[in-house]
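In this note's numbering, the protein residues as written are 1 to 154.
These notes concern the structure reproduced below.
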Amino acid sequence: MNKPLFTLAISTTALLAAPAVAQSCAGPTGPGMVKLTVQATGLRDARGEVAFTLYPDDKRRFLAKGGKLLRVRTPAQAPVTTGCFWVRPGFYAIAQYHDANADHDFNRTLWTPKEGFGFSNDAPTSIGLPAFASARFAVPAGGATIRMAMRYRR
């Protein structure tokens, strides 16, 4: 086998062996839009999907029904799952949850979460939901990547 063909064969084999996860970003592309990459860390397993929900810079809309700007659902990968949005530079907040059974519902038992969850800035939640100010973050003109720990109560 000559060297160029051998190199091509190895490269093709390496690509086929690597896990492929298609990543499409939620939101419109175009002038003034930047990429916001979000990463859920500490997933227990790769069942189901991770839902990332993006909220605008408005504390009244944070975690409110109908308050989201965008949502992206990504097949779960342990220990890190990545999603992305196209947004304008500005301030936002994100909520995430590990929808392990992929039923598109944040499952709970007596108000206690059965599935993993988290917020931008790893906003604290001792009792109840985090304050918007704790989850608020900036997306600069060059885009951003944020990491959020997935928390499990059970």
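The beta carbon of each residue, even a glycine, is placed where N, CA and C say it ideally should be.
In this text, all values refer to a predicted model and were calculated from it rather than measured experimentally.
Exercise. Can you name, in chain order, every residue of its own chain whose Cβ lies under 7 Å from the Cβ of N121, other than the five neighbours on each side?
Worked result: Around N121: S134, A135 and F137.
For this session: State the Cα-Cα distance for the pair F85 and A51, rounded to the nearest angstrom.
Result: When rounded, the distance between both Cα atoms is 12 Å.
Problem set entry | Within 8 Å, strictly: CB atoms of A149 and G42 | Taking the C-beta atoms as reference points, G42 is found nearer than 8 Å to A149.
Exercise. DSSP beta-bridge partners for E49?
Worked result: The partner list for E49 (beta bridge, DSSP) reads P75 and D99.
Exercise. Within 10 angstroms of its Cβ, does T29 collect 16 or more other Cβ (buried), or is it exposed?
Worked result: With fewer than 16 other Cβ atoms within 10 Å, it is exposed.
Exercise. Since F132 is in the alpha helix (DSSP H), which residue starts that stretch and which ends it?
Worked result: Segment F132 to A135, the alpha helix (DSSP H) holding F132.
Exercise. Distance, Cα to Cα, A206 vs P130?
Worked result: Given that the chain is displayed from residue 1 to residue 154, the structure contains no residue 206 and the question cannot be resolved.
Exercise. Nearest to D57 by CA position, among L70, D45 and G142, is which residue?
Worked result: Per the Cα distances, L70.
For this session: Could you work out which residue in V139, R47, A141 and R151 is closest to P75 when comparing CA atoms only?
Result: Per the C-alpha coordinates, the member of V139, R47, A141 and R151 positioned closest to P75 is R47.
For this session: Look at R44 and A78 and say whether their C-beta atoms are less than 8 Å apart.
Result: Against a cut-off of 8 Å, the Cβ pair of A78 and R44 comes out as a contact.
Exercise. What are the boundary residues of the beta strand (DSSP E) that includes W86?
Worked result: That run of the beta strand (DSSP E) goes V80 to V87.
Problem set entry | Top-ranked residue by Cα proximity to Y92, from T145, F117, N107 and S24 | Of the candidates T145, F117, N107 and S24, the one whose C-alpha sits nearest the C-alpha of Y92 is T145.
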